[in-house]
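Residues in the sequence shown are numbered from 1 upward in steps of one, following the UniProt record's numbering. In this text, a Cβ means the ideal position worked out from N, Cα and C, and glycines have one as well. This report refers to the structure that appears directly beneath it.
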Amino acid sequence: MSFFKLITPKAFVELAQKETSRRVIPVDSTWYLPNLNRNGKQEFLTLDRIPNSVFFDIDAVKDVNSPYPHMVPDLATFNQSMSELGLQRNDVLVVYDRIGNFSAPRCAWTLAVFGHPSVYLLNNYNLYKKLGYPVENDKRTKWSELGPTEYKSDIDLSAQKVIGYDEMLQLVTSGELSKRFNVFDARTVGRFDGSAPEPRPEMSSGHIKGTQPLPFGELLEQDSGAFPESPELMKKRFDEALAKLKDNYNPSLPTIAMCGTGVTACIVMAGLEHAGIRDVKLYDGSWTEWVMRSDPKLITKGRD
């Protein structure tokens, strides 16, 4: 079983038309890198969106006590956020973002971590609009038009789906990371090898020893930003990326995905799951936490 499912625009529209026992709720979770100077929340209020969407803010639904961005929230925070959006446990949630497949995989992953029963990732909004499916352009003043609910999940899979800093540090300092895990970093090769800057100017670029670059764009269609439609094509795209990047992959080992702040790593995770690779964890703090907490000697440049 996949952690969450991909759904084409056509299949989404058909699902919304045919489903009679449950609500089908589009969930916009657009988020941009800070150097782009764009605001996904404001765009949701003022620009086009799928009709009847709610906005899930990955900048707000997080561990507010952590100094690192986008860390997984606790169950109470998640339940409160879902209640404020007017969502119910039996809703079918279809997640998208305005870029295509950028921040939406992080939102879909979060929903699945906390056990929402029916989560889809729209593949994707660019194709949805290109195919002429309906959008609304009215100005909004709030993130949801639904009345508040008492959403209550008692499921928290973060212990199984997340690897923390202390475990990563032990694996790196013992030299065991690459022996026990495939570890892929979704940032660009330049950020990975230290030849290009991070989008956060206070951050050094580079990588964790034992990790390999797998820029998320390598797993997406270049024209639309969509994942290849079938698992077979997804696996072929993954294999081609490995060959291009000269990465190694051991299918007998579990996999860890990371990136800058735990957002685009979820694109890699979604792609791997779509290709049939199931045992994948997220290093949630990712490069930002590593730089802020680790000895500078544990920042590696170039390729291992």
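Contact annotation, Met269 with Leu253: C-beta distance approximately 15 angstroms; criterion of less than 8 angstroms not satisfied.
According to DSSP, residue pairing for Glu43 in a beta bridge does not occur. DSSP places Phe102 in the coil class of the three-state scheme, outside both helix and strand. The Cβ-Cβ distance between Thr255 and Leu272 falls below 9 angstroms. Considering only Gly164, Ile58, Tyr133 and Pro213, the residue with the shortest C-alpha distance to Pro105 is Ile58. As the crow flies, the alpha-carbon of Pro26 is around 17 angstroms from that of Thr141.
When C-alpha distances from Ala108 are compared across Arg22, Phe55 and Leu45, the shortest belongs to Phe55.
For the options Gly210, Ser153 and Ile155, the alpha carbon positioned closest to that of Val172 is the one of Gly210.
Secondary structure at Ala275: coil, using DSSP grouped into helix, strand and coil.
Contact annotation, Ser174 with Gly86: C-beta distance approximately 47 angstroms; criterion of less than 8 angstroms not satisfied. Boundaries for Leu219: no beta strand (DSSP E) harbours it, and the DSSP string shows neither H nor E there.
The continuous beta strand (DSSP E) containing Tyr120 extends over residues Val119 to Leu122.
DSSP, read as helix, strand or coil, puts Leu282 in strand.
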